[in-house]
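Report on the structure given below.
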Amino acid sequence: MGSMTRARGRLVGGAPGTAWGVDRWRRVRDLFETSFSGLPAGIDRAAAVGMHWAEMTTPFVWFEGQDPVCHVGVLEHPVLLAGKRTTIAGIHAVCTRPDRRGHGLARRVLGAALEWIDARHALTKLHTDVPAIYSRHGFRAHPTFRFRARVAADAAVERRLLCPTESADDLALLTRTLARRAPASDVFATRDPGWLTLIDAALRRELDTTFWHVPAHAAIVAYRTTGEAIHLHDVIAPTLPAASAVLPPGATAAWWTFAPDRLDPAAEPEPSPPEDGVLLVRGDWPETSSPIGVSPLWEH
Ligand SMILES: CC(C)(COP(=O)(O)OP(=O)(O)OC[C@H]1O[C@@H](n2cnc3c(N)ncnc32)[C@H](O)[C@@H]1OP(=O)(O)O)[C@@H](O)C(=O)NCCC(=O)NCCS
3 MGSMTRARGR LVGGAPGTAW GVDRWRRVRD LFETSFSGLP AGIDRAAAVG
53 MHWAEMTTPF VWFEGQDPVC HVGVLEHPVL LAGKRTTIAG IHAVCTRPDR
103 RGHGLARRVL GAALEWIDAR HALTKLHTDV PAIYSRHGFR AHPTFRFRAR
153 VAADAAVERR LLCPTESADD LALLTRTLAR RAPASDVFAT RDPGWLTLID
203 AALRRELDTT FWHVPAHAAI VAYRTTGEAI HLHDVIAPTL PAASAVLPPG
253 ATAAWWTFAP DRLDPAAEPE PSPPEDGVLL VRGDWPETSS PIGVSPLWEH
């Protein structure tokens, strides 16, 4: 798409993030900071474990002079959806500098990003707390669920917390296992070889608190404990183990945040809580009666 001039600025988009120089990225990071406080620091934490934002995104940005004032990023997210391997366009990091909001910039830049996507992908998705921005562009809310675990944890299984920011061996184990993983669900699961999961963990400040190695099963389970409840965000393994081997013992309730059809098929779905945001989809999303979940480590 290159660059397109309008009255007060110009749209630049359609080239991969790696084509943009350091100076331009620095300015875009400054824009991110105005709208998502701490995002550039999170991008740096991800880079420190080898996952580089600019390598995964195709940015669309409205510039006024040298200043980026509105950004829409596009990812290409490999997933398993309704049993089929596919790649879905993902919208991320949509923002307009506070003093330039309310002038239709996000509408215009989204329109350009979607034109680019439509030439390449049948499906687009994103997670958001502000669905209204997207409704005029053909997005619709898709219900998401979390699933109450129905298996008992095997307390005898040994597990160890990985610290990938401090241990090169832990990082190597994590990235190797991510790259060789089996999709965690047939209903909906990420197939990214590690970049999405680790960038999400870095943005959530969870790199050293969420990934547990279960050596007996060559598996890594990602979970977070809040109060008495456990939120199971991922099971990363070349061959999925029994759910009892990855469930941590001792919680009064455990929830899978993704559909556990391959791990705990009797788990009971209930609608995701509103604070988890809304999944928006656009295009030919398959009609399926199976409830889906989107782990926060697979979101964008
Ligand atoms: C949300 C945001 C990107 C909107 O940018 P903007 O340039 O002011 O948006 P526009 O003027 O182009 O408006 C686009 C549409 O969104 C709607 N909209 C804008 N801000 C909105 C808000 N906070 N709540 C609901 N609707 C909103 C507008 O009414 C408009 O609707 P229309 O296209 O159907 O007419 C901007 O407010 C922002 O950066 N917010 C902080 C970051 C954020 O929350 N991003 C979204 C995360 S997914």
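End of the sequence shown = 302 in the numbering used here, gap-free, step of one.
In this text, a Cβ means the ideal position worked out from N, Cα and C, and glycines have one as well.
Only a predicted model underlies this, so the values are computations on that prediction, with no experimental measurement involved.
So which of the options has the shortest CA-CA distance to residue i?
i      : options                        : result
Ala174 : Ala114, Ala154, Arg28, Met53   : Met53
Asp46  : Arg182, Ala204, Phe38, Cys72   : Ala204
Leu41  : Asp101, Arg206, Glu57          : Arg206
Glu301 : His215, Trp197, Val248         : Trp197
Thr167 : Glu230, Arg142, Ala49          : Ala49
Ser37  : Val159, Leu282, Ala221, Arg102 : Arg102
Ala95  : Asp69, Val81, Ala56            : Ala56
Trp258 : His235, Pro275, Trp214         : His235
Arg161 : His129, Ser246, Thr290, Asp202 : Ser246
Thr140 : Thr146, Ala155, Ala124, Phe147 : What sits at residue 140 in the sequence shown is Gly, not Thr. Among Thr146, Ala155, Ala124, Phe147, the Cα nearest to that of Gly140 is on Ala124.
Val216 : Thr126, Leu200, Ile238         : Ile238
Trp64  : Val51, Ala43, Arg12, Ala84     : Arg12
Phe147 : Gly104, Leu176, Phe260         : Phe260
Val223 : Glu230, Gly229, Leu209         : Leu209
Ala244 : Thr227, Leu176, His219         : His219
Gly213 : Lys86, Arg138, Leu299, Arg142  : In the sequence as presented, Gly is not what sits at residue 213; that position holds Phe. Measuring from the Cα of Phe213, the nearest candidate turns out to be Leu299.
Would you say residue i touches ligand 1, meaning its beta carbon is less than 7 Å from a heavy atom?
i      : result
Ser39  : no
Ala143 : no
Thr126 : no
Gly60  : A quick correction: the sequence has Thr, not Gly, at residue 60. No, ligand 1 has no heavy atom inside 7 Å of this Cβ.
Thr130 : yes
Ala134 : yes
Val76  : no
Thr98  : yes
Cys165 : no
Gly104 : yes
Arg207 : no
Arg31  : no
Arg138 : yes
Say the cut is 7 Å; is the CB of residue i nearer than that to a heavy atom of ligand 2?
i      : result
Leu107 : As far as ligands go, the structure on display features ligand 1 and does not contain ligand 2.
Check residue i in the structure and name its three-state DSSP category.
i      : result
Pro133 : coil
Ala224 : strand
Phe65  : strand
Val111 : helix
Arg102 : helix
Pro288 : coil
Glu168 : coil
Gly23  : coil
Val51  : coil
Thr241 : coil
Asp46  : helix
Asp202 : helix
Asp236 : strand
Leu209 : coil
Phe34  : helix
Who pairs with residue i in a beta bridge, going by DSSP?
i      : result
Glu230 : BP columns for Glu230 are empty, so no partner.
Val283 : Lys127, Arg142
Asp120 : Answer is none; Asp120 lacks a bridge partner.
Thr192 : Val81
Thr88  : Val81
Arg215 : With the sequence shown as reference, residue 215 is identified as His, and Arg is not the correct amino acid for it. BP columns for His215 point to Arg162, Ile222.
Phe149 : Trp258, Pro271
Pro1   : Outside the shown range of the chain (3 to 302) lies residue 1, about which nothing can therefore be said.
Val248 : In the DSSP output, where bridge partners are listed per residue, Val248 has none listed.
His94  : Gly75
Thr59  : Leu77
Within 8 Å of any Cβ in chain D, is that where the Cβ of residue i sits?
i      : result
Cys165 : Absent from the structure: chain D. Only one protein chain is present.
Do the stretch 240 to 255 and the stretch 109 to 116 touch if we need at least three Cβ pairs shorter than 8 Å?
The stretch 240 to 255 and the stretch 109 to 116 do not touch, with fewer than 3 CB-CB distances between them shorter than 8 Å.
The stretch 176 to 193 touching the stretch 29 to 38, judged by at least three CB pairs closer than 8 Å
Counting Cβ pairs under 8 Å, fewer than three are found: no touch.
Do three or more CB pairs link the stretch 265 to 283 to the stretch 141 to 157 at distances below 8 Å?
Cβ pair count under 8 Å is three or more, so yes.
Can at least three beta-carbon pairs, one atom from the stretch 177 to 185 and one from the stretch 266 to 281, be found at a separation below 8 Å?
No contact exists between the stretch 177 to 185 and the stretch 266 to 281.
Contact between the stretch 6 to 25 and the stretch 78 to 94: three or more CB pairs below 8 Å?
Cβ pair count under 8 Å is below three, so no.
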